[in-house]
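In terms of this note's numbering, the sequence shown opens at residue 1404 and continues consecutively.
Presented below is the structure to which this report refers.
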Amino acid sequence: MPELLLLNGPNLGILGRREPEVYGTDTLADIEKAVAAEVAARDWRVRAFQSDSEGELIGVIQDSYDTVGAIVNPGALMIAGWSLRDALANYPSPWMEVHLSNVWARESFRHDSVIAPLADGVIVGLGALGYRLAARALVALPAA
Ligand code: DQA
């Protein structure tokens, strides 16, 4: 069965308990379930991974060239995660960058993403709904 990669970076494993006024009350498990429900109609499964370590995220990307697409929330690695950026440059399928919060409405150090120029699309500020919409976009996009 085709698999969609759902990749979450540093500090996203504690969603639900992390600044809920900014990131909402859904846990990462809730989000993973929601994305799985979104792609089930297409008979896709979700391969979910979260890590606080950039190296581990890179390893999973390198091992996931068989996935049909990816949703990536890089957390603060958006700011200077150059190695993550290079790993995504070699990822062969369409992928979307998602941020729960509207990063442009926040501190200026969050206004630039080193990975966004490579993404097929970017969704910010819609909370957990952003992941569902990214999944919908990937289902609709032609495979690479
Ligand atoms: C985030 C936004 C980042 O700036 C922050 O470092 C995060 C979460 C978001 O989903 O809104 O860890 O990626």
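Even glycine gets a Cβ: it sits at the ideal position worked out from N, Cα and C.
Simplified DSSP state of residue i, which is helix, strand or coil
{"i": "I1518", "result": "coil"}
{"i": "E1422", "result": "coil"}
{"i": "I1417", "result": "coil"}
{"i": "R1553", "result": "Residue 1553 falls outside the range modelled here, since the chain spans only 1404 to 1547, and no answer is possible."}
{"i": "L1541", "result": "helix"}
{"i": "G1533", "result": "helix"}
Exposure of residue i, with buried meaning 16 or more beta-carbon neighbours within 10 Å
{"i": "E1424", "result": "exposed"}
{"i": "Q1453", "result": "buried"}
{"i": "M1499", "result": "buried"}
{"i": "G1458", "result": "exposed"}
{"i": "S1496", "result": "buried"}
{"i": "A1447", "result": "Sequence check: residue 1447 is Trp here, not Ala. Under this definition W1447 is a buried residue."}
{"i": "Y1426", "result": "buried"}
{"i": "L1468", "result": "Rather than Leu, the amino acid found at residue 1468 in this sequence is Tyr. With fewer than 16 Cβ atoms within 10 Å of its Cβ, Y1468 is classed as exposed."}
{"i": "T1470", "result": "buried"}
{"i": "R1420", "result": "exposed"}
{"i": "H1514", "result": "exposed"}
{"i": "S1486", "result": "exposed"}
{"i": "A1522", "result": "buried"}
Residues that residue i bridges to, as DSSP identifies them
{"i": "G1427", "result": "Partner(s): none; G1427 has no beta bridge."}
{"i": "D1410", "result": "It should be noted that the sequence gives Leu, not Asp, for residue 1410. In DSSP, L1410 forms a bridge with F1452 and V1475."}
{"i": "I1434", "result": "I1434 pairs with nothing; no bridge assigned."}
{"i": "G1524", "result": "M1499"}
Chain B contact for residue i (CB, 8 Å cutoff)
{"i": "S1516", "result": "Looking for chain B here will not work: only one protein chain is present."}
Mind listing, in chain order, the continuous beta strand (DSSP E) runs of no fewer than 3 residues lying wholly within the stretch 1452-1519?
1472-1476 and 1498-1502
Indicate whether the contact test is met: 3 or more Cβ pairs, each with one atom in the stretch 1531-1543 and one in the stretch 1442-1451, closer than 8 Å.
Note that the stretch 1531-1543 touches the stretch 1442-1451; at least 3 beta-carbon pairs, one per stretch, sit closer than 8 Å.
I'd like to know if the stretch 1412-1421 and the stretch 1470-1490 are in contact, where contact means that at least 3 CB-CB pairs between them fall below 8 Å.
yes
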